[in-house]
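> Below is a structure I'd like to ask you about.
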Amino acid sequence: MSKTLDLEEFRVDVPANWESFTSQGYDSKAGGITNGKDELTYDYGWYSYDFKNETTATHTRTSTIIDGKPALIVKPIEKGKGVIGVFMQVDSRNKLSLSGKDIKNEDTAIKIFESIKF
């Protein structure tokens, strides 16, 4: 990872060719990061998606700690086919989900997830 992107509510480390973008959030802050091929989108707010539909039948589900906070990382069992993402309870109200679909370089996505800082 060669640069840090400040996405206002949190920061992530990404390869040099990744850039950030913003989206319209209705009850949250939304946007994403991309290298032009793979795209990860985020939702930061009260109702961020917790990956409850990504079950152990189709995904690996790993509980971990990122920046001192509990996190859930999901990735498809069939590499590159399906949702890969991280969900975090940031504080008593706010949550963060950062995810992508059919991501070719899953290792880079996981490194980005693990680099999240608040």
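Those letters in the sequence shown? Residues 3 to 120, by our numbering.
Idealized CB from N, CA, C, for every residue including glycine.
Because the structure is a prediction, the values reported are computed rather than measured.
#1: Beta carbon of S101, beta carbon of S50: below 7 Å?
#2: Three Cβ pairs or more, each shorter than 8 Å: is that satisfied between the stretch 85-97 and the stretch 43-62?
#3: If you draw a straight line from the C-alpha of F5 to the C-alpha of F115, how long is it?
#4: Give me the Cα-Cα distance between V85 and K103, rounded to the nearest whole angstrom.
#5: Leaving out five residues before and five after M3 in sequence, what residues of the same chain have Cβ atoms less than 7 Å from its Cβ?
#6: Might you give, ordered along the chain, the residues of its own chain that have their beta carbon closer than 8 Å to the beta carbon of N107, omitting 5 neighbours on each side?
#7: Check T110 in the structure and name its three-state DSSP category.
#8: Which ranges does the alpha helix (DSSP H) cover as unbroken runs of at least 4 residues, wholly within the stretch 54-118, from first to last along the chain?
#9: For T110, which residues in the same chain have their Cβ closer than 6 Å to its Cβ, ignoring the five residues on either side in sequence?
#10: So what does DSSP say about E21, is it helix, strand or coil?
The short version:
#1: no
#2: yes
#3: Here residue 5 is Lys; the residue named in the question, Phe, does not match the sequence. Rounded to whole angstroms, K5 to F115 spans 14 Å at the Cα level.
#4: 4 Å
#5: D15, V16, P17, K113, S117
#6: D40
#7: helix
#8: 108-116
#9: none
#10: strand
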